[in-house]
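Q: My structure is below; once you've seen it, I'll send some questions.
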Amino acid sequence: MTRLAWWLIRAQFLSRRSATALSMLAIALGVSLGYAIHLINAAALADFAHAMKSVQGEPDAIIAPRDSAGHVPRALIDEIARDESVALVAPVIETRVRLGRDSTAVRLIGIDVFSAAVLMPSLLPRDGAPASGGILDGGLYASPTLLDNLGLKVGAGATVIRGESRWETPIAGDLPALAAGEALLVADIAWVQAHFGPHAGVGELRVRLMPGSRAEAWRAAWAKRLPPGLDIRAAADNAARIANISRAYRVNLNVLALVALLTGAFLVFATQLTAVAQRSTQFALLGVLGLPPRMRLLQVLFEGVAIGLPGSALGLTLGYALAVMFTRVIGGDLGGGFFAASTPTIVPELLPGLGFLILGCGASLMGALYPAWLNRIQPLAQALKTGFAQRPPGDAPRTLHGRRVMLLAIVAVIPVLTRLPAIDDLPLAGYAAIALVLVLGIAAAPVATRLAFGAMARTTLPAPLRIAVQNVLQAPLMAQVAASGLIVSFALTVSMVTMVASFRTALDQWLDTVLPAPHYLRSKGLPLPRELLAALELPGTPFVRVERMATGSLSLDPRRPPVALLVRELDRADPGARLPFSGPVLTTPNGEITVWVSEAMQEVHGLRTGQTLHLPLLGRDIEVVVGGVWRDYARQFGAIAISATDYRELGGRFEVTDLALWPHPGSEDAARRWLAAEAARHGIESAESADIRRLSLSIFDKSFAVTYALEAAAMLIGLFGLAVTLAASVWLRARELATLSALGFDRAMLARAVVFEGALIALVGLALGLASGIAVGAILTHVVNPQAFHWRMPLHVPWTQVLPIALATLLAGMLASRFAARQATALPAAHVLAGAQ
Amino acid sequence: MLSVVGLGKRHSGALRPLFSELRLAVGSGEVVALVGESGVGKSTLLNCIAGLEQADSGEIRIGPDALDMHRLDETARAALRAARIGFVFQAFHVLPTLTVAQNIAVPLLLNRAPPAEHGERVESLLRRVGLAGFGPRWPALLSGGELQRVAIARALVHRPALILADEPTGNLDPRTADEVLALLLERVREQQAGALIVTHSRHVAECCDRILTLTPDGLECAHPAGPSQGGRSHHPEPHGGEPTSPPALGRGLGGRVVQ
Amino acid sequence: MRRRRFLLASLLFPGLAAATAATPYAPARRGTALEFPRDHGGHAGFRTEWWYVTGALDLPERDIGFQLTFFRVRRRSADALDSPFAPRQILFAHAAVTLPGGRLRHAERAARAGLGAEFSATDCDVHIGPWRMQRTGTGTGEHIRLRALDPGFAFELRLTPTQPLLLQGENGWSQKGPRPELASHYVSWPQLRAEGQLTLDNTRRTASGRAWFDHEWSSEVLGEAGVGWDWIGINLDDGGALMAFRIRDPSGATVHAHAALRDAAGRLTRFGPQDVSFAPLRHWQSPRNGARYPVQMQIRIGPHTLRTTPVIDDQEIIARRPLPLSYWEGLVRLDGDLRGRGYLELTGYSDRMAL
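Residue numbers (the numbering used here), protein chains in the order written: chain D, 220 to 1056; chain A, 261 to 519; chain H, 143 to 497.
And the structure:
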């Protein structure tokens, strides 16, 4: 019996090479995209985790300030060190500095070599210049990558700069144990502290417990004793933070890959359906000869797997190649910029590979399910005589009623799903709603085809066209299949285009509000030199107005990425002049500390305007009022804005990192020259708002390039599905066409009829696709985006893009049906009529 | 080989039954022709016997240990068909995507015969239907007569108890038709199977042992014209060109008409 | 004593370039009057200092040896640095337990003062994390508390004096070589009663025995000739105390030697280089680094001829922090004209560490 199955599979593949190959390719495409995304992400995360481990070591606990401006006080270090469960405390100060004139911000890690030797051996220095002494004599050590990048030499002097602090010290050696690609500096913690602070403590305390200690219980006990400005976390929490940074992005990419896989499944569906239709006589014969009905079902499923298995295997190979190529050419950076220079090694593991193989086969199997069922229920004697029966015999009013109830249920469920919150930060309900919209679109195809063709049948059409319409009305299955393929692919395209366009429009408007000044100066998180700030105070600068901003970060949840803290010089009475609020703005009395939070904060922490909030500011627990929620497309994990006045009143140091500058009217050129000179002198970045805007939009466009590629793939697959099903439907009607031809219709008339039919089907598909697409776009924009990325935006349907795509698809569909018609009518009518099968 | 008792069938929506209380039997080595006007229900009767259509009443027993086709489920009916029945169709129905040998081997596969025997059995049948050496050929390159010989080989390869043939010579020219028919009868008798041949051709009917005529009122039995010769040793002459006298029916196994 | 000169490898010496703003190391001056408890505290101006306790326990078993040593090393390169974490004083500690019939267990800690470690300048109170050595109380309430913790073993002991301090050399000024500037301040406290807990393999048991405390600080120590030394500190069975050392040159010849014997009645006898000699009787070779240690010695001190026998041969300590270093430091029995138990220290025998 398996031999027979194998004969049939081989015969099928040999007789329909291109359709089979394309189905395999479609599956391969979906699998390869998914697998490549998985591999790149896994490699980048492993790389990041490895790098983090080498820099951080593997402590049992990390005690760190929740405010980037905070510190771990000295007394606490001693207290923790004396704890009997503690084997070792490793204090660390990490800061970002510049070396001399170079504008690159470099990580400088201040270590205590005695504890680092145990906990962070990768950071241990190697002396390379005997005259400079060792690390305890204040030498600076650079990783080999950094030495290469900046063209530095061991033994040379270096000037380490942060804000107005400068430290002249020799580069005493390198960091041989550090992995290639890591650009950082290491020095003794005391020298770093003396030059760059923090004033009364260290930046972070890493703790190794005695073997056999219960780390979790120890952390929990200390968590209760720590002052409010500090939190204690496990090393794994840091890894989780990193994973969280890219999680939503990864899931979204994976969903897109899944979509590609689904379109592949659809193509298998179309191919297998036509295969079943074309071989209905053969299967009927085998049934008569005694092939069990179960085998008629299984045979089609086998064929699905036979497409899915090589397709998935090819997909895995392609995915691997794609991942290797991507990491070689672009690197493994996910956009965080942490290890931009690193090239993670792609390591394929058995289990995920197997998972994707199963996924691919599953998709293919899913596509073969309905055709297999249809094959199973074909009435044998009838099929043997008259060929494929499109209407399954059970298609009684009862099932139609059931279907209607199901559709109504879906319609009712979708709005509910869109209102459900994210699960574990993932918009799963949103994704489910999207799937249901697509199901709804496909399920509406039969009704829509019947309506469209029914309406056509009532009009006075030329005879061949009427015959074509009549034909579809009588045997609508192929038309429905062709239409649903278009519905899915066009819906996906429309939704993506809509989502991207909405986002881009919103981003464009947002940039207007957040870039009010013509010029900006920034220093990548380092404080700006005081010299420069002083120069701006002098009379005679070409600026009429300068606004200063300081950036920091707050850790509100140890397992989430930290939230940006923006200290800004803004008018407390009118914060709306600088922040793009998306809701009401509260005016609070002076003395009440007010913060304005970004939409991401609202989304993640469930904040509302007017509510009070406790923030770990400056090592203390400070109660603040939420004065409003503003839109922020720059910081996905949330941002909190506070006025510089409030911040200073709390005792914070306003270390300016960013400047917005307005030149005197008429002295724009002088301003430009002034800024260029200062930027060069201090190694900082100067940009005009137009440049920032252009750069932002180009980054945006680049990051959505993958989406566009997937859209194109979906569209192509949809069109190919249309062509396959149309060709099959025409092929199934070869005898009818031949009869018509024998009755006197000429070939052109017949071709026109088929093209007309194709166009009508395409129109139905496009109309439903457009409707579902806009619905999906709305869900993406209003549910998925806010939940996954914490970005809100108004819906914007880009008709100028959607309509041309629709038109092109319509034309392509007509072309496909014309091709099918030509093939069918190319055979001599007499031959077709004579041929019994 | 075949025994039908009390068979009745009415198409849904039809006013009167197509047939009812039919009774017929086909003995070992016996070839029975089923004739009748178009639409009288010959094909339906055949389909009911093959278990492709469900009769409304009656029993259909096929084979030595007399399994009732009527009482089995679809899968079991398929298995019974595969084991006990060989089919020959007017339209040949040779699978175009399998070679001649593969086509003939299909019933062996369906019966899970040991693969080692396939080649030999297929070869010997090919020889006996006069197609020695045709095994690797593709059906598209064969003539109608050759295709029907392939179909006959396929119908016999698993030594079924019953051969059901529906206008086996309908698509053939007279000369080829004679050859093919002679071959079919010879092989059926050789294998001691029973055969029921639906035909419009008087000539074909007269080659059979008995002729059953299906009318709206039931089955009528007749013996073919010509001198009756007892015994089963008389077979049609394959190359005689003339209708030969069918053998006398087997002892006590003649069909009866029951109203 | 100069016995730990070998510890002071390059890491702990200030670089040439950074030493400009530093104050010089304080010299060990002859005639300095020591004052207690102040001089139990750290002497930050000197280059090196250690607080050193060895002893033998008879509970929970006979002949269990233990030692806990805190070292302090001053570095001058960070003198001018304005930071509470400036690495001016480095502390490290070694702890070991010798189990008769078993093997030596050893643990170590290292840190800079100010980052999880500290020492007092006014009394003996030094800690690295939870490891600690602290003197408290006066008169009969006077104790030294020890604490060392490691996964392999831990002890918490209270040492109670039974005799007065023993100031080595001339009132605590101990000469280390032919030149007078080669000297240290050296205070011993023999015959301390030890009580407390010893934890082995997570089982805590009551412990008691006898201990010996040393405290020594110096700046200019070993001359060019010395490579290492042999040293003993023995609590005699009759209540007396014996300390002896010799400094060896690369050929194994004695560069300088000295001994002090205080009998049970408190009479102190000092012996000069001519009266003190060490002669190996049996060697034990380390399987780890191949060093051959004379674990059994014949020691002649004036009229007394003595013999040491180790409780077990393998009492080698291999430390890694802050730098790799190996030496033999173990519990021995003393036989011959005087009988007792105490510690023998053999340094400079490891090829790797040879100066």
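C-beta atoms are modelled at their ideal positions from N, C-alpha and C, and glycine is treated no differently.
Which residues, taken in chain order from the stretch 510–527 of chain D, show a beta carbon closer than 8 Å to some beta carbon of chain A?
A: Residues L510, P511, P512, R513.
Q: What first and last residue would you give for the alpha helix (DSSP H) that runs through P375 of chain A?
A: Counting along the chain, the alpha helix (DSSP H) containing P375 of chain A begins and ends at 375–388.
Q: With distances taken Cα to Cα, identify the nearest neighbour of F1008 of chain D among D:Y852, D:R900, D:P389, D:D346.
A: Considering only alpha carbons, the answer is D:Y852.
Q: Please compile the residues from chain D whose C-beta is within a distance smaller than 7 Å of the C-beta of R254 of chain H.
A: Simply D331, F333.
Q: Output needed for T732 of chain D: all residues of its chain with C-beta closer than 6 Å, excluding positions within five of it in sequence on either side, in chain order.
A: P799, listed in sequence order.
Q: Sorted by chain position, which residues of the same chain lie with C-beta nearer than 6 Å to S1036 of chain D's C-beta, five sequence neighbours on each side aside?
A: Excluding positions up to five away in sequence, the list reads L945, V973, V974, G977.
Q: In the DSSP assignment, what residue or residues form a beta bridge with F355 of chain H?
A: Looking at the DSSP assignment, F355 of chain H forms a beta bridge with H:V195, H:W331.
Q: To the nearest angstrom, how far is the alpha carbon of T348 of chain H from that of A336 of chain H?
A: In a straight line, the C-alpha of T348 of chain H is about 11 Å away from that of A336 of chain H.
Q: Between T239 of chain D and I526 of chain D, is the Cβ-Cβ spacing less than 8 Å?
A: It is a contact, given that the beta carbons lie within the stated cut-off.
Q: Comparing C-alpha positions only, which one of H:T451, H:G243, H:P179 sits nearest to G279 of chain H?
A: Answer by Cα proximity: H:P179.
Q: Spatial neighbours of E260 of chain H within its chain, please: C-beta separation below 7 Å, excluding the five flanking residues on both sides.
A: Contacts found: H269.
Q: Would you mind listing the beta strand (DSSP E) stretches within the stretch 411–491 of chain A that are 3+ residues and don't spill past its ends, in chain order?
A: List check, beta strand (DSSP E) in window: 422–426, 454–458, 470–475, 478–482.
Q: Report the option in D:A863, D:S908, D:I661, D:G902 whose CA atom is closest to the CA atom of L730 of chain D.
A: Out of D:A863, D:S908, D:I661, D:G902, D:S908 has the C-alpha closest to the C-alpha of L730 of chain D.
Q: Chain A beta carbons: is any one of them nearer than 8 Å to that of R236 of chain D?
A: No - not a single Cβ of chain A is within 8 Å of the one on R236 of chain D.
Q: Beta-carbon separation of L384 of chain H and L480 of chain H under 8 Å?
A: Contact flag set, yes.
Q: Suppose only complete runs of 3+ residues qualify. What are the beta strand (DSSP E) ranges in the stretch 834–890 of chain D, listed by chain order?
A: You should have 839–849, 858–862, 877–882.
Q: May I ask which residues mark the beginning and end of the alpha helix (DSSP H) holding H824 of chain D?
A: 818–824 is the span of the alpha helix (DSSP H), which, as asked, contains H824 of chain D.
Q: For G673 of chain D, which residues in the same chain have their Cβ closer than 7 Å to its Cβ, ignoring the five residues on either side in sequence?
A: Excluding residues within five positions, the ones whose Cβ falls inside 7 Å are L692.
Q: So which residues of chain D does A338 of chain A contact, with C-beta pairs closer than 8 Å?
A: Simply G506, G509, L510, P511, P512.
Q: Which whole runs of the alpha helix (DSSP H) in the stretch 227–281 of chain H are 4 residues long or more, in chain order?
A: If we require 4 residues or more, the stretch 227–281 of chain H turns out to have no alpha helix (DSSP H) run fully inside it.
Q: Going by Cα to Cα distance, which pick from A:A421, A:H463, A:G393 is closest to E450 of chain A?
A: The option with the nearest alpha carbon to E450 of chain A is A:A421.
Q: Please check the pair H1015 of chain D and T724 of chain D, which I expect to be a contact at CB under 8 Å, by giving their CB distance rounded to whole angstroms.
A: Yes, they are in contact, since the Cβ atoms of H1015 of chain D and T724 of chain D sit about 5 Å apart, within 8 Å.
Q: Flag this pair as yes or no: are the beta carbons of A710 of chain D and V995 of chain D separated by less than 8 Å?
A: Yes; because the gap between Cβ atoms is below 8 Å, this pair is in contact.
Q: Based on DSSP bridge pairs, tell me the residues matched to D346 of chain D.
A: Note: D346 of chain D sits in a beta bridge opposite D:G392.
Q: With Q209 of chain H as the anchor, note down where its alpha helix (DSSP H) starts and where it stops.
A: Note, Q209 of chain H: premise wrong, no alpha helix (DSSP H); beta strand (DSSP E) at 206–216.
Q: Roughly how many whole angstroms lie between the Cα atoms of D356 of chain H and Y328 of chain H?
A: Their Cα atoms are separated by approximately 7 Å.
Q: Mapping the DSSP letters down to three states, classify A972 of chain D as helix, strand or coil.
A: The answer is helix: DSSP assigns A972 of chain D an H, G or I state.
Q: What are the residues that DSSP puts in a beta bridge with L473 of chain H?
A: Paired residue(s): H:Y485.
Q: Given that E313 of chain A touches chain D, what residues does it touch there, using C-beta distances under 8 Å?
A: Residues of chain D passing the Cβ test: A600.
Q: Helix, strand or coil: how does DSSP classify L406 of chain D here?
A: For clarity, residue 406 of chain D is Ala in the given sequence; the question names Leu instead. Residue state, collapsed to three classes: strand.
Q: Output the boundary residues of the alpha helix (DSSP H) element that contains L655 of chain D.
A: Its alpha helix (DSSP H) spans residues 647–677.
Q: For P367 of chain A, would you say it is in contact with chain D, using Cβ-to-Cβ distances shorter than 8 Å as the test?
A: Closer than 8 Å to some Cβ of chain D, the Cβ of P367 of chain A qualifies, so yes.
Q: Measuring CA to CA, which of H:A399, H:G368, H:A407 is closest to G381 of chain H?
A: Checking every option, the nearest Cα to that of G381 of chain H belongs to H:A407.
Q: Nearest by alpha-carbon distance to P318 of chain A: which of A:G268, A:A310, A:I309 is it?
A: The sequence shown places Gly at residue 318 of chain A, rather than the Pro named in the question. For the residues A:G268, A:A310, A:I309, the minimum Cα distance to G318 of chain A belongs to A:G268.
Q: Could you say which of A:S280, A:P324, A:V440, A:F347 lies nearest to G287 of chain A if we only look at CA atoms?
A: Ranking the options by Cα distance to G287 of chain A, first place goes to A:P324.
Q: For chain D, is any of its Cβ atoms less than 8 Å away from the one on S280 of chain A?
A: Not closer than 8 Å to any Cβ of chain D, the Cβ of S280 of chain A fails to qualify, so no.
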